[in-house]
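Each remark here refers to the structure printed beneath this line.
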Amino acid sequence: MVEVNFGRRRPETVVGLRRVAELKEWEGNRIGAAVTWRRVEREGPGAYAQAARTVGSPQIRNAGTIGGNLGTASPAGDGHPFLAAVDASIEVASATGRRLVPWNEFFVGPKRSSLQQGELITAVVLPERLPERHGFGKVGVRNAMVISTVCAVVTRDHDGRTTVALGSVGPTVLRVPAAEEMISAESNPSEADLAEFARLVSEGVRPITDHRSTEQYRRHAAGVLARRLLERCLR
Amino acid sequence: MIVTFRLNGEQVNARVAGPASLLDVLRDELGMYGPKEACSQGECGSCSIVLDGEVVCSCLVLAADAEGSEVTTVEGVSQGGLNAIQEAMLREGAVQCGFCTPGIVVAASKLFETHPRPTRIEIKEALAGNICRCTGYGAIIRALESVAGGEA
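If you want it as structure tokens, here you go:
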């Protein structure tokens, strides 16, 4: 709609999806693409609900959907780190069938996804079982209506397996395998382990300098944020 | 195409061209000038309306998607006269240039409808999507707190 309002796009044909009830269905780990952030905020699992609460404003969360967030495929999309951290898939459908796309094959670049002509995002499919602990955090210049400078989700399971996914610090949302492997091996991380985890995250992200922040700041903030989220999981 | 929906309680038929926003249709086709256009990208909240029970930015709603829906603009938030929020905003001088006022009245009316005694934090969170470019937030929050406190 923003592109239409600014005269950048004038499609002759539009298809309204707001009243397609099937797209709003939420059954277990399959969440329909037209589920709004408002609903995720109220009914979603921990870190996903936390992320939903930071999306735009009440007005945006009432109208904005998880499918729309995916379609935009912004590197700063606040919903993406959770999906990446738990290895979710995106269900897409066309006239010829449905396919499940793992998150890391869905995002291909800044505002670019592997969605093909004629395909519609129909749902997000989470794993059957989520890690025991997970949390979302975001750094931005103010509390509301803000695009992330860095956003992240850290998960930690009962066996110590840890994942960390970050947004706004690369062309797409990304994971940091080196940091994950290092900290997953520590059953009771020490102060030095936590510092090393933060260092590996800072080293592993791929931020740029733009009008919102600098590469250096984003790198630093990514490490600090990931460490804080991990500490919350360990509490 | 013709889109049919209920606007402030009455059924309306509006001519909609392609990807027009609901805001454009409300203003240009239906003469409903309460919702204002300022940022056109959902940042400012001056076009706030209630769509099927939820406050949204009408500039971001595809008008074609309003088919069969229930729409309330600031013109429809009170039945004859002003509601408690409008009275309180008048009393506290919570209006400067007035451009953001309709959006704030819509968002605040919805808040009080579901939540009659909001705290200051809840008021601020509910208005997080409404920008007052005159920065008259102090008086706006004071007005709404007086409604929450039952002074109205």
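So the sequence lines, in the order shown, correspond to chains F and R.
Remember, the numbering used here sits 34 above the position in the first sequence when you count from 1.
Remember, the numbering used here sits 39 above the position in the second sequence when you count from 1.
The C-beta atom is built at its ideal place from N, Cα and C for all residues, glycine as well.
- Buried is the label assigned to Pro223/F, since at least 16 other Cβ atoms lie within 10 Å of its Cβ.
- Judged by DSSP in its simplified three-state form, His114/F adopts helix.
- Your pair Thr197/F and Arg167/F does not check out as a contact, with CB atoms roughly 11 angstroms apart and the cut at 8 angstroms.
- For the set Cys78/R, Val113/R, Glu76/R, the Cα lying nearest the Cα of Ile88/R is the one of Val113/R.
- Look at Gln84/F here: in three-state DSSP terms it is helix.
- Boundaries for Phe170/F: no alpha helix (DSSP H) harbours it, while the beta strand (DSSP E) harbouring it runs 167-173, taken from the DSSP string.
- Counting the other CB atoms within 10 Å of its CB gives Ser221/F a total below 16, which places it among the exposed residues.
- Ranked by how close their Cα comes to the Cα of Ala59/R, the residues Met40/R, Met128/R, Ser148/R have Met40/R in first place.
- Comparing alpha-carbon positions, the option among Val258/F, Pro241/F, His245/F lying closest to Arg233/F turns out to be Val258/F.
- According to DSSP, Val184/F shares a beta bridge with Val173/F.
- The DSSP assignment places no complete run of the alpha helix (DSSP H) inside the region 41-109 of chain R (cut-off: 4 residues).
- Bounds of the alpha helix (DSSP H) holding Ala255/F are 249-268.
- For Glu230/F, the enclosing alpha helix (DSSP H) begins and ends at 225-238.
- Scanning its chain for C-beta atoms nearer than 8 angstroms, with the 5 sequence neighbours on each side dropped, one finds around Arg44/F the residues Val38, in chain order.
- Taking a cut-off of 8 angstroms on C-beta distances, the region 120-130 of chain R touches the region 172-187 of chain R, as three or more cross pairs fall below it.
- Ranked by Cα distance from Phe44/R, the first of Met128/R, Phe151/R, Ile162/R, Ala105/R is Ala105/R.
- For Glu106/R, the residues of chain F that pass the 8 angstroms Cβ criterion are Gly50, Arg53, in the order they occur in the chain.
- A residue is called buried when at least 16 other Cβ atoms come within 10 angstroms of its Cβ; Glu214/F meets this threshold and is buried.
- Within chain F, the residues Val48, Gly50 have their CB atoms less than 7 angstroms from the CB of Ala103/R, given in chain order.
- The C-alpha of Ile180/R lies about 44 angstroms from the C-alpha of Asn138/F.
- Taking 7 angstroms as the threshold, the shortest C-beta distance from Gln80/R to chain F falls below it.
- With a 10 Å radius around the Cβ and a threshold of 16 neighbouring Cβ atoms, His114/F comes out buried.
- Within the region 80-91 of chain F, contact with chain R at the beta-carbon level (separation under 9 angstroms) is assigned to Gly90, Ser91.
- Annotation for Ile124/F: no alpha helix (DSSP H) segment contains it, though the beta strand (DSSP E) segment containing it runs 123-128.
- Taking a contact as a CB-CB distance under 8 angstroms, the pair Arg64/F and Val159/F counts as one, their CB atoms being some 5 angstroms apart.
- Boundaries of the alpha helix (DSSP H) around Phe140/F: 137-140.
- Between the region 244-264 of chain F and the region 145-162 of chain F, the count of Cβ pairs shorter than 8 angstroms is below three; the stretches do not touch.
- Within the region 99-175 of chain R, the alpha helix (DSSP H) runs of at least 4 residues that lie entirely inside it are, in chain order, 123-130, 140-153, 159-165.
- Counting other Cβ atoms within 10 Å of its Cβ, Cys136/R stays below 16 and is therefore classed as exposed.
- Taking a Cβ-Cβ cut-off of 7 angstroms, the neighbours of Asn39/F in chain R comprise Ser60, Ser79, Gln80, Cys98, given in sequence order.
- Under DSSP, the beta-bridge partners assigned to Arg146/F are Gly143/F.
- When only Cα atoms are considered, Val74/F and Ala86/F end up about 6 angstroms apart.
- By the C-beta criterion, the region 97-111 of chain R is judged to be in contact with the region 46-55 of chain F, since at least 3 inter-stretch pairs fall below 8 angstroms.
- A Cβ of chain R is located within less than 7 angstroms of the beta carbon of Pro45/F.
- Collapsing the DSSP output to three states places Val158/F in a strand.
- Ranking Tyr82/F, Leu134/F, Glu162/F, Gln150/F by CA distance to the CA of Glu61/F puts Glu162/F first.
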